[in-house]
């Protein structure tokens, strides 16, 4: 049942390693990722949780002779089943992959953060509480009594100022002490290491010098008490309410507690049947009362389980009728009232009346959520993202292209430009690689940088706040605007950003909408063709059409996908100065992920396309596509291939077009008529997300959906393009 | 607390104590949550975030065009969609008049 069972313990001893597995858990925006970055530096990897679309951040480090595996869990508020993140987190925490949880707590928002701590306590996994942002608390003249907190929770509680890196490594020292104590083999070694370290160097926090012994006793007590409780739980109902201290803090009011204890008793007596599940019985009991779908699933397997479920349902109805409230509300209220008691004990404001001053952060907050300036700033930021990625990306793209041209000449001179192998490996392989770097990576990197700045400063929730109403008409709530804003830079990371959406349905709609946002590469086509030859007004019209298509797709998906639009519930934390080390490290990690995951596929495609070109396989494609390109869209037949290339990189459509124009020695304006330019740009804008985006859509949802979305977008692009073509024809014929 | 002051307070409450939904509140108004009439999921989420009956909240922002609103619950600011906010019933306990 629990991870402390003798069976697991012996397993730990057998697999004796000097590795300590840590899970960082906490609410969003508490500085968890800052601590994670301070600890692991550049050794992080981003992956997905097996079978889930939730991101898994993992990092390693070596400290005092121990290897640490640190997993940064997604920021969540509770361990229910509200979002995938919550389910993933709680399954991971109780798995044997975790030795210790470090619960990061925002000192400035203790009450809500402790709610999550209480949930973690129920999982009965060794835990360290890291109280972050202590500097801000001190600045506000509030005192936090750490001794009292440790006494209450029977857990190590450490002050941390993550942005300065203060106290971060003490967390690991504490983890070693905990593991050394929990695992007999480690005991002497961990102790010795720590002792020798302290002999050479005094502990940075004299506060920590306090007797380690007593703390250990506390933990020991915590563990033994837990086991004893489980053994005795059969008779516990008969006893009066004299719980050990730890249980006084997590226990509920009498009515609820009695029901839970009786459920625990039932669950414990079926222990053998549920040996497959690792959750402590108390956690199971609470979750059964709360009608937690995942936990209920564990029990529905057999008859005895169903009896327990029925009992829990009976209890729930009783409780709900007594309190006149929903069971989740009852339990949450109980936890919050317990927290309130703790807060009263540990927090003390030194100066009673401290008038809150209007800070710069408040001013920005007011400005960016203002009903007029807010939207102006939002538009400015969208343009800002575009210009930043575009100008910086272009600068590097040109350098890289020039270098490639120089090397190409050398290769052609040495091996001959007509050599098929040269074509495949140099033009296709290396050319594809350079194309991926010069065409995509140079835009993606500055873009990652700007996302991280926007994310870290706290602007993005404000945009969601402003746009919630608009997004609702598309079947999603305001948070979708966040990946959509990012889409102006590059659709690829923007689609990855859609993971912030809570439900599968919202994720699906979000990736579809995001993939339609004109990215920097699409903008080059539109500006380079329509903007340059036809004027800016036409560009605006194209954008208008683009946004109408986004709107239409949103409506279609809203109608066709099952489920309902959920309401926005989102925390809006204060503005803060972005932490540059976090920004740069995150940018690096994301770039690394992009290079290793998306680039190989683009490389392969480059080679395949080159092979197709050699065997003149593209000419038939032009012919095959000509009914669409020539008859329906009214474009020259050669554009068929360009559009195929455009799947790889959107701006290739324009690049190839200008190459063709220069080889024919005619200006672009003579190659395409104005209306053809408009249709060509529009189709390039809409017809399909670039290949890297499709891959990410598939990663966020599944391949079937990615293909469906691509087909939907192709249809829409052809539909709109055809309408314009025929509309124009009819219009001019009169 | 003396009986007299208690009386005057209840008198004041009769005038001021109103049950209404969160969307009807003024900007800057401080109210007490009475109940949340939303679906189970939303209700659980709100409860987890500290929005439970009896808790004091302060409405701080209204998004334009009937958009969401921002409230302060237990020291942290929360943005709630208007549809959901209209299902949160609050009580104005006289404190909002000042």
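Chains as they are written, first to last, in this note's numbering: chain X, 1 to 734; chain E, 1001 to 1098.
We put the beta carbon where it would ideally sit given N, CA and C, even for glycine.
- In this structure, residue 127 of chain X and residue 172 of chain X do not form a Cβ contact; the two beta carbons are roughly 14 angstroms apart against a cut-off of 8 angstroms.
- Per the DSSP secondary-structure output, residue 72 of chain X pairs in a beta bridge with X/24, X/57.
- Using a Cβ-Cβ cut-off of 8 angstroms, residue 466 of chain X counts as an interface residue toward chain E, since at least one Cβ of chain E sits closer than that to its own.
- Ranking X/139, X/141, X/100 by CA distance to the CA of residue 129 of chain X puts X/100 first.
- Residue 144 of chain X and residue 348 of chain X have their alpha carbons spaced roughly 7 angstroms apart.
- Contact between residue 401 of chain X and residue 438 of chain X holds, with the beta-carbon distance rounding to 5 angstroms and staying under 8 angstroms.
- Relative to the Cα of residue 621 of chain X, the nearest Cα in the group X/610, X/641, X/614 belongs to X/641.
- Three or more Cβ pairs drawn from the region 678–698 of chain X and the region 515–522 of chain X lie within less than 8 angstroms of each other, which places the two stretches in contact.
- Contact between the region 410–426 of chain X and the region 453–468 of chain X is absent: fewer than three C-beta pairs spanning the two stretches fall below 8 angstroms.
- Contact with chain E is found for residue 568 of chain X, since one of that chain's Cβ atoms lies less than 8 angstroms from the residue's Cβ.
- In this structure residue 115 of chain X touches residue 339 of chain X by the C-beta definition: roughly 6 angstroms separates them, less than 8 angstroms.
- Residue 637 of chain X counts as exposed, since fewer than 16 other C-beta atoms from the protein chains shown sit within 10 angstroms of its C-beta.
- Chain E has no Cβ within less than 8 angstroms of the Cβ of residue 677 of chain X.
- With a threshold of 8 angstroms between beta carbons, residue 115 of chain X makes contact with chain E.
- Residues of the region 648–662 of chain X with a Cβ closer than 9 angstroms to any Cβ of chain E: none.
- Across the region 1046–1065 of chain E, CB contacts with chain X closer than 8 angstroms involve 1046, 1047, 1048, 1049, 1050, 1052, 1053, 1054, 1055, 1061, 1063, 1064, 1065, in sequence order along the chain.
- For residue 328 of chain X, the nearest CB of chain E lies under 8 angstroms from its own CB, placing it at the interface with that chain.
- Contact of residue 1080 of chain E with chain X by beta-carbon distance below 9 angstroms involves 567, 568, 569, 570.
- Counting every other CB atom within 10 Å of its CB across the protein chains shown gives residue 542 of chain X a total of 16 or more, marking it as buried.
- Closest option to residue 694 of chain X, judged by alpha-carbon separation, among X/494, X/550, X/658, X/546: X/494.
- By the CB criterion at 8 angstroms, residue 484 of chain X and residue 449 of chain X fall outside the cutoff.
- Contacts with chain E (Cβ-Cβ distance below 7 angstroms) from the region 525–549 of chain X involve no residue at all.
- Rounded to whole angstroms, the Cβ separation of residue 78 of chain X and residue 119 of chain X is 6 angstroms, and the two are in contact under 8 angstroms.
- Flagged as an interface residue toward chain X: residue 1084 of chain E, by a C-beta distance shorter than 8 angstroms.
- Counting only residues of its own chain and dropping the five nearest sequence neighbours on each side, residue 1050 of chain E has a CB closer than 8 angstroms to the CB of 1073, 1074, 1076.
- Using a CB distance cut-off of 8 angstroms, residue 469 of chain X counts as an interface residue toward chain E.
- Per DSSP, residue 103 of chain X lies in no alpha helix (DSSP H) segment; the continuous beta strand (DSSP E) that holds it begins and ends at 100–106.
- For residue 461 of chain X, the C-beta contacts it makes with chain E under 9 angstroms involve 1079, in order along the chain.
- In the structure shown, residue 291 of chain X adopts coil according to DSSP, grouped into three states.
- Note that the region 556–565 of chain X does not touch the region 688–708 of chain X; fewer than 3 beta-carbon pairs, one per stretch, sit closer than 8 angstroms.
- Residue environment for residue 1037 of chain E: exposed (fewer than 16 other C-beta atoms within 10 angstroms of its C-beta).
- Looking at the DSSP output, residue 47 of chain X bridges to X/56.
- Closest in C-alpha terms to residue 131 of chain X, from the list X/71, X/177, X/591, X/170, comes X/170.
- What residue 109 of chain X touches in chain E, judged by beta-carbon distance under 9 angstroms, is 1074, 1075, 1076, going in chain order.
- Straight across, the Cα-Cα distance linking residue 671 of chain X with residue 36 of chain X is about 55 angstroms.
- In the structure shown, the three-state DSSP call for residue 571 of chain X is strand.
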